[in-house]
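Colleague: Have a look at this one before I ask anything.
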């Protein structure tokens, strides 16, 4: 067994370290996070517009008129529908920051480049007609939301790389000393900006001559669709969760690392569900960001809530009792570093088994619950990941009690899987405590 | 003394911060202790006398230690068990011993 921990220490740690320090992955993760506050705000309005309380709709209509729900959805649109714009800007900003370039400029250039790749056409149904026509001169919101997410992220990284390349070759216009720094900065950005815009412009023109039609379509077909197929499948999700838990087993923040790669897929799936939810259609996806945050990470990565409950109520050893008290508060908000490092779970061959096994099992049970229709799917509502379980399940499913029930079932499953392993560990600690206390008492007598 | 802590999101370290503040107060020491998310540490290291990393981000140690060296700020990873049990007094002791070196 100690071979296993040595393997984790020697092989997994350095690899995970490299992966975590990889600039593009970091930028991807940190950039997409920029959309989170907005999306959570939008989600609040989304919940308010769809509260599943009897009589609520009539009550609201009486006070605010029949259009109240539509009006409540205004903020939903503006937050979700510009996801790609914000995420692209954020990624370009964060990546530039790591290269010590002017981050704000990089974000701005990337934003322009993204819009350059976007066809300025919106579909419009003239009054009296039944078929939509394409009208020029508008920015299509469909492409600035989750649908444009992949291309926005790619363009953010490409444009920042071009920017960096040109600055590193010193192909910039430098102002003489004495010119205000703000002016100098804008001149330094001139040639890189020109290069980025020209590159995307040429790409757009070339793609327009192919059957793909536009860059959005190309990226969606070549990158987006295959990735979504993987990330949206049961097997793909199990693999992702396994890697996260494996990294955590070595004491490395796995969700933080794998999340960067999976976020575009799971956020995209979330928004597809949001659109369907608003339209009152069937929700297309099970695996969204909230699937993992709300139904799998109960009490934190590894679904350790069950473990904490056992420490709190059944622990024999002082150490586990103490830790249970300390860990219970944070665990209610899905923060579980005290459990992970205090028990410890990491690099502990005995507890790593349930730590990996529980979330994998929960992926399967939740998937079964949702695919059979017994449990409501996540409705594209982003509840903060620190929202306590049972409440979060209700909210994330758009107000379905089945979401809360699924969480209770999952917590119980966690309890069952952790139980035997916890007993073994607790007994071991208890034995250590009694022998060490008898030793000290011997000393004092002797 | 100024002690900077960092972890992934700055959440679990903030729990430790309050424990360390309590321990410092009990010992009659007037320290400034605060926690930030991982990358933020890069920007705030100048304000710190010591930088401590949560064990879940210990892969950042090499990078941060190098940065710390150039700024004269000692950097280390918090002991796993002290971190897990939020043992403010022990981590405080660790920080003090780092600053003395």
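Protein chains in written order, with our numbering: chain A, 144 to 589; chain B, 15 to 115.
The beta-carbon is built from N, C-alpha and C at its ideal position, and this holds for glycine as well.
Just so we're clear, the structure is a prediction, and the values are computed from it rather than from any experiment.
1) Could you spell out where the alpha helix (DSSP H) holding residue 267 of chain A opens and where it closes?
2) DSSP puts residue 46 of chain B in a beta bridge; with which residues?
3) Would residue 297 of chain A be called buried (16 or more neighbouring beta carbons within 10 Å of its own) or exposed?
4) In chain order, what residues of the same chain lie with their CB nearer than 6 Å to the CB of residue 328 of chain A, ignoring the 5 residues before and after it?
5) Kindly indicate which three-state DSSP category residue 63 of chain B falls into: helix, strand or coil?
6) Taking residue 486 of chain A as the query, report the chain B residues whose CB atoms sit under 9 Å from its CB, ordered along the chain.
7) What are the start and end residues of the beta strand (DSSP E) that includes residue 91 of chain B?
8) Determine the extent of the beta strand (DSSP E) in which residue 279 of chain A is found, giving its start and end residues.
9) Pull up the distance between the alpha-carbon of residue 587 of chain A and that of residue 579 of chain A, whole angstroms please.
10) Straight-line CA distance for residue 444 of chain A to residue 204 of chain A?
11) Counting only C-beta atoms, is residue 22 of chain B closer than 8 Å to chain A at any point?
12) Once the 5 residues before and after residue 224 of chain A are set aside, which same chain residues still bring their CB inside 7 Å of it?
13) According to DSSP, simplified to helix, strand and coil, what is residue 157 of chain A?
14) Round the Cβ separation of residue 21 of chain B and residue 68 of chain B to the nearest angstrom and send it over; I've been treating them as touching at under 8 Å.
15) Within its chain, find whatever has a CB closer than 8 Å to the CB of residue 71 of chain B; leave out the 5 residues flanking it on each side and keep chain order.
16) Would you mind telling me which residues of chain A sit closer than 9 Å to residue 71 of chain B, beta carbon to beta carbon, in chain order?
17) Residues of the stretch 172-203 of chain A with a CB closer than 7 Å to any CB of chain B: list them in chain order, please.
18) Hey, how far is the Cα of residue 347 of chain A from the Cα of residue 387 of chain A?
19) Among residues of its own chain, excluding the 5 on either side of residue 573 of chain A, which ones have a beta-carbon nearer than 7 Å to its beta-carbon?
20) Between the stretch 502-520 of chain A and the stretch 438-454 of chain A, can you find at least three pairs of beta-carbon atoms closer than 8 Å?
21) Could you run through the stretch 466-487 of chain A and flag, in chain order, every residue whose CB is less than 9 Å away from some CB of chain B?
22) With distances taken Cα to Cα, identify the nearest neighbour of residue 15 of chain B among B:104, B:43, B:89.
23) Rounded to a whole number of angstroms, what is the C-alpha to C-alpha distance between residue 84 of chain B and residue 211 of chain A?
24) Closest Cβ-Cβ distance between residue 246 of chain A and chain B: below 8 Å?
25) Give a yes or no on whether 8 Å exceeds the smallest Cβ distance from residue 160 of chain A to chain B.
26) Ignore the nearest five residues each way along the sequence and tell me which others in residue 35 of chain B's own chain have a CB closer than 6 Å to its CB.
27) Can you tell me the Cα-Cα spacing of residue 333 of chain A and residue 101 of chain B, whole angstroms?
28) Candidates A:178, A:164, A:182, A:154: which alpha carbon is nearest residue 525 of chain A's?
Modeller: In this structure, then:
1) Not the alpha helix (DSSP H): residue 267 of chain A falls in the beta strand (DSSP E), residues 264-267.
2) B:16
3) buried
4) 245
5) coil
6) 98
7) 89-91
8) 276-279
9) Only weak support is given to the placement of residue 587 of chain A: the predicted model assigns it a pLDDT of 45, under 50, and the value that follows is read from those uncertain coordinates. The straight-line gap from Cα to Cα measures roughly 13 Å.
10) 42 Å
11) yes
12) 284, 287, 288
13) helix
14) 3 Å
15) 20, 21, 22, 52
16) 163, 395, 396, 399
17) 173
18) 37 Å
19) 459, 460
20) yes
21) 466, 469, 470, 472, 473, 476, 478, 479, 480, 481, 482, 483, 484, 485, 486, 487
22) B:43
23) 59 Å
24) no
25) yes
26) 47
27) 53 Å
28) A:182
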